[in-house]
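Trainee:
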Amino acid sequence: MRLGAQWLRGTGAGRSYFWVLVGVMAIPFRWWWMAGLGAISLWSFGRLRSRRRPAATEDVIRFGRLLVIPLTGGLSLSNSLMMVSREAHPQLRIEVSQALRQGRQIGLARALAASGGHLGELFGRMAGAQASGSSVVRAVTTHVDNLHYQTRMEALSRIRSLPVTLAVPLTLLIVPGFLLALVGPPVATRVAEMLTGLIGT
1 MRLGAQWLRG
11 TGAGRSYFWV
21 LVGVMAIPFR
31 WWWMAGLGAI
41 SLWSFGRLRS
51 RRRPAATEDV
61 IRFGRLLVIP
71 LTGGLSLSNS
81 LMMVSREAHP
91 QLRIEVSQAL
101 RQGRQIGLAR
111 ALAASGGHLG
121 ELFGRMAGAQ
131 ASGSSVVRAV
141 TTHVDNLHYQ
151 TRMEALSRIR
161 SLPVTLAVPL
171 TLLIVPGFLL
181 ALVGPPVATR
191 VAEMLTGLIG
201 T
């Protein structure tokens, strides 16, 4: 304790850490409790919102990228699908569960080929690769890259069309002000002259 007190008195860093610790401990416990409760509420709201959101292309891309990891590690296709589905969007999780359930009855390749939904195209490529003996990882990677490229091109197309989309609203906002600035002063002058004439008479 004596050495610790000497260290606190002798070093600037020690004094800084000490006062920071004192400041943190001086905050009432209820504020820490409220901050923790708020953080948990925000996290729960984000999770609930992501679950209610319908599946999109980005979810399929994320699913495919995650699927490559266990497949590259040597895990079987069915086990890889089951593992990755736990972290997937709820709709994708249902599609994987249905495909695996049918795969136990008619074979996984046929079940994947007959699947539809958001993962239908990806499953079809995987089934074709498995039936032909080619690399399933390469099929998944190729499909994910194509989806990513399409998504990027669609985003760029929306960005390019943004000026055209905003042209009409911007025109409606600018034209009235321009007309007011152009016509307003002469009209105001004319009205003032008329009022002056009426008052003078």
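Going by this note's numbering, the letters in the sequence shown line up with residues 1 to 201, in that order. Glycine is no exception: its CB is placed at the ideal position from the N, C-alpha and C atoms. The structure presented is a predicted model; accordingly, all values stated were derived computationally and were not measured.
1) Suppose the cutoff is 6 Å on Cβ atoms and the five residues either side in sequence are ignored; what does the same chain contact list for Met-83 look like?
2) What does a CB cutoff of less than 6 Å around Gln-91 pick up in its chain, not counting 5 residues either side in sequence?
3) For Gly-124 and Ser-115, what's the separation of their Cα atoms in angstroms?
4) Drop a sphere of 10 angstroms on the beta-carbon of Leu-108, count the other beta-carbons inside from all chains shown, and report buried for 16 or more, exposed for fewer.
5) For the stretch 86 to 100 against the stretch 129 to 142, do three or more pairs of beta-carbon atoms, one drawn from each stretch, fall closer than 8 Å, so that the two count as touching?
6) Mapping the DSSP letters down to three states, classify Arg-86 as helix, strand or coil.
7) CB-CB under 8 Å to Gly-64, same chain, minus the five flanking residues each way: which ones, in chain order?
8) Taking the CB atoms as reference points, tell me whether Val-96 and Ser-85 lie closer together than 8 Å.
9) Smallest Cα separation from Val-136: which of Ser-76, Val-175, Phe-178 and Ile-174?
10) Which same chain residues end up closer than 7 Å to Thr-72 when comparing Cβ atoms and leaving out the 5 residues on each side of it in sequence?
11) Suppose the cutoff is 6 Å on Cβ atoms and the five residues either side in sequence are ignored; what does the same chain contact list for Thr-151 look like?
Mentor: Per the coordinate set shown:
1) So the qualifying residues of the chain are Pro-70.
2) Only Ala-55 meet the Cβ criterion.
3) In this structure, the alpha-carbon of Gly-124 lies about 7 Å from that of Ser-115.
4) Buried: at least 16 other Cβ atoms inside 10 Å.
5) Taking 8 Å as the limit for Cβ pairs, the verdict is that the stretch 129 to 142 does not touch the stretch 86 to 100.
6) Three-state result, Arg-86: coil.
7) Counting only Cβ-Cβ distances below 8 Å, and skipping sequence neighbours, we find Leu-122, Val-140, Thr-141, His-143, Val-144 and Leu-147.
8) Between Val-96 and Ser-85, the CB-CB gap stays under 8 Å.
9) Val-136 has its Cα closest to that of Ser-76, out of Ser-76, Val-175, Phe-178 and Ile-174.
10) Spatial neighbours of Thr-72 in its own chain (CB-CB distance under 7 Å, excluding positions within 5 residues in sequence) are listed in chain order as Val-137.
11) Its chain contains Thr-57 as the residues whose beta carbon lies nearer than 6 Å to that of Thr-151, once the 5 sequence neighbours on both sides are disregarded; these appear in chain order.
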